[in-house]
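All remarks here apply to the structure that follows.
As structure tokens, then:
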């Protein structure tokens, strides 16, 4: 009888010690908990050049997600401890079939531990974007886009509903190209070639997966004689990076009519780099180009 009591006490002690872990990992098939993820606002801040150097940001304000229309798609995904995708949903702004409230997600997950990946980004024609894991995402199409990202660990336990309010941070850099001369007749496109960085990135670090560079081509909507503005969003291999940038003015056949190389262009994630000069003028490479160090127009967007 005494032996039976000792065994019973030992079993009760073991059950008490393991109850917390059992709460997380032991469940019946189909036993799921509602998980609600809310992306509600963008926090917008403006920095000047001194703030860029110091690494600080000023002038923060909040803006609702519905008003910041440069984010046209949101993706939410969950991966289990084996790295298997167990949930993924994409919302596209303006497509009512993909959401009820833009930025709010509803997932039903089994009890356990997960890695959550949340993305918000702009969308353009012919984009091909993929998210395959918490460490791999990006574009196989030509242009990377403005991107916001968050990766975090989530544990689902036995509760009625798990509510998560999340903040996504800007991932890449922003290059603005401004011509100081008017578009020449015959020029139809502008090709920008980055010497480093890439179009794919690791969501967990926010850094590019490759450092081989890439090029992208933008159609010119400016009339002959008008100046142009080209916007690009490269993903950097390090938080701050220098690289050469080549700008080619192309004709309708893709032939370069004018070409300029700007060496040692500085980039930092979350900040604007602006370069300007005569794009449609023949001359020695980079002649006439200058760096715009007025960072007052630079904005860093954090959405939550």
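Numbering (the working numbering), first residue to last: 1369 to 1672. Ideal placement from N, C-alpha and C gives every residue a C-beta, glycine not left out.
Quick check on residue 1403: buried or exposed, where buried means 16 or more other Cβ atoms within 10 Å of its Cβ? Residue mapping note: residue 1403 aligns to position 35 of the chain shown, counting from 1. It counts as buried.
Quick one: using the 10 Å Cβ neighbour count with 16 as the cut-off for buried, is residue 1574 buried or exposed? Counting from one through the chain shown, the residue named residue 1574 turns up at place 206. With 16 or more Cβ atoms within 10 Å of its Cβ, residue 1574 is classed as buried.
Buried or exposed for residue 1637, going by 16 or more other Cβ atoms inside 10 Å? In the chain shown, counting from the first residue as 1, residue 1637 sits at position 269. It is buried - the Cβ of residue 1637 has at least 16 other Cβ atoms within 10 Å.
Let me know the alpha helix (DSSP H) ranges lying completely inside the stretch 1612 to 1659, each 4 residues or longer, listed in chain order. none
If you draw a straight line from the alpha carbon of residue 1539 to that of residue 1533, how long is it in whole angstroms? As a working mapping, residue 1539 is identified with position 171 in the chain shown. As a working mapping, residue 1533 is identified with position 165 in the chain shown. Their Cα atoms are separated by approximately 19 Å.
Flag this pair as yes or no: are the beta carbons of residue 1515 and residue 1542 separated by less than 8 Å? Translated into the one-based positions of the chain shown, residue 1515 becomes position 147. Translated into the one-based positions of the chain shown, residue 1542 becomes position 174. No, the pair does not count as a contact, with Cβ atoms beyond the cut-off.
Would you say residue 1571 touches the ligand GTP, meaning its beta carbon is less than 7 Å from a heavy atom? Because no ligand of any kind appears in the structure shown, any question about the ligand GTP cannot be addressed here.
When you compare the stretch 1589 to 1604 with the stretch 1547 to 1562, are there three or more beta-carbon pairs, one atom per stretch, that lie closer than 8 Å? yes
Separation of residue 1603 from residue 1578, as counted between CA atoms: Position 210 of the chain shown, counting from 1, holds the residue named residue 1578. Position 235 of the chain shown, counting from 1, holds the residue named residue 1603. Roughly 9 Å between the two C-alpha positions.
Among all the DSSP beta bridges, which residues are the ones paired with residue 1508? On the chain shown, residue 1508 is found 140 positions in, with the first residue counted as 1. According to DSSP, residue 1508 bridges with nothing at all.
Nearest-angstrom Cα distance between residue 1466 and residue 1588? Working through the chain shown from its first residue, we reach residue 1466 at position 98. Working through the chain shown from its first residue, we reach residue 1588 at position 220. So the two alpha carbons sit approximately 32 Å from each other.
Report, in whole angstroms, the separation of the C-beta atoms of residue 1477 and residue 1446, which I expect to be a contact under 8 Å. Position 109 of the chain shown, counted from the start, is the residue given in the question as residue 1477. Position 78 of the chain shown, counted from the start, is the residue given in the question as residue 1446. With 8 Å as the limit, residue 1477 and residue 1446 qualify as a contact, their Cβ atoms being about 6 Å apart.
Straight-line Cα distance separating residue 1491 from residue 1443: Taking the chain shown and counting its residues from 1, the one referred to as residue 1443 is at position 75. Taking the chain shown and counting its residues from 1, the one referred to as residue 1491 is at position 123. About 12 Å.
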